[in-house]
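A.B. asks: In the working numbering, the protein residues as written are 62 to 180.
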């Protein structure tokens with residue numbers, strides 16, 4: 062089984078402070094879809110954004126992350142990524158929560174988007 066992770070970092074300060082931990086842990090998944098940081102009222106911090114995190118993970122050479130912008134495109138991107146048997150994990154405290162709540166209606170029993178009965 063492949064582990065497919067869709068991650069939206071929460072806050073620029075947290076992304077900055079945990080940057081290397083994020084790179085290390087997220088480099089271990091099979092497929093990574095990464096969104097821009099959910100600011101939660103914070104101003105952007107140079108080097109602590111989603112694109113920089115994506116590049117750092119790619120540089121490790123273990124996974125080739127897909128940067129999803131705008132994040133509302135996540136369901137469409139997943140349609141081209143998910144395969145039967147995949148495990149999808151959504152992580153984040155921002156916009157991704159609302160998107161994740163709508164995904165089951167689009168994911169069938171077999172795990173792939175639009176496949177199976179949808180029950």
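By construction, the Cβ of each residue, glycine as well, lies at the ideal position given by its N, Cα and C atoms. This structure is a prediction, so every number in the text was calculated from the model and none was measured.
Kindly confirm or deny that the region 115 to 122 and the region 138 to 150 touch, where touching means at least three C-beta pairs closer than 8 Å.
C.D. replies: Too few Cβ pairs lie closer than 8 Å, so no.
A.B. asks: So, does the region 155 to 167 touch the region 120 to 130, judging by three or more C-beta pairs under 8 Å?
C.D. replies: no
A.B. asks: Please report how far the alpha carbon of residue 100 lies from the alpha carbon of residue 75, in whole angstroms.
C.D. replies: 10 Å
A.B. asks: Helix, strand or coil for residue 67? Go by DSSP, reduced to three states.
C.D. replies: strand
A.B. asks: Under 9 Å, Cβ to Cβ, is there at least one residue of chain C near residue 118?
C.D. replies: Judged by its chain identifiers, the structure shown contains no chain C, having just a single protein chain.
A.B. asks: Could I get the ranges of all uninterrupted alpha helix (DSSP H) runs contained in the region 82 to 145, with 4 residues as the minimum, in chain order?
C.D. replies: 111 to 121 and 135 to 142
A.B. asks: What three-state label does DSSP hand residue 175 in the structure shown?
C.D. replies: Summary for residue 175: the model assigns pLDDT 43, below 50, so the residue's position carries little reliability; its value from the coordinates is reported in the next sentence. Correct three-state label for residue 175: coil.
A.B. asks: Grab me the residues of residue 138's own chain with a C-beta within less than 8 Å of its C-beta, minus the 5 sequence neighbours each way, in chain order.
C.D. replies: 94, 127 and 129
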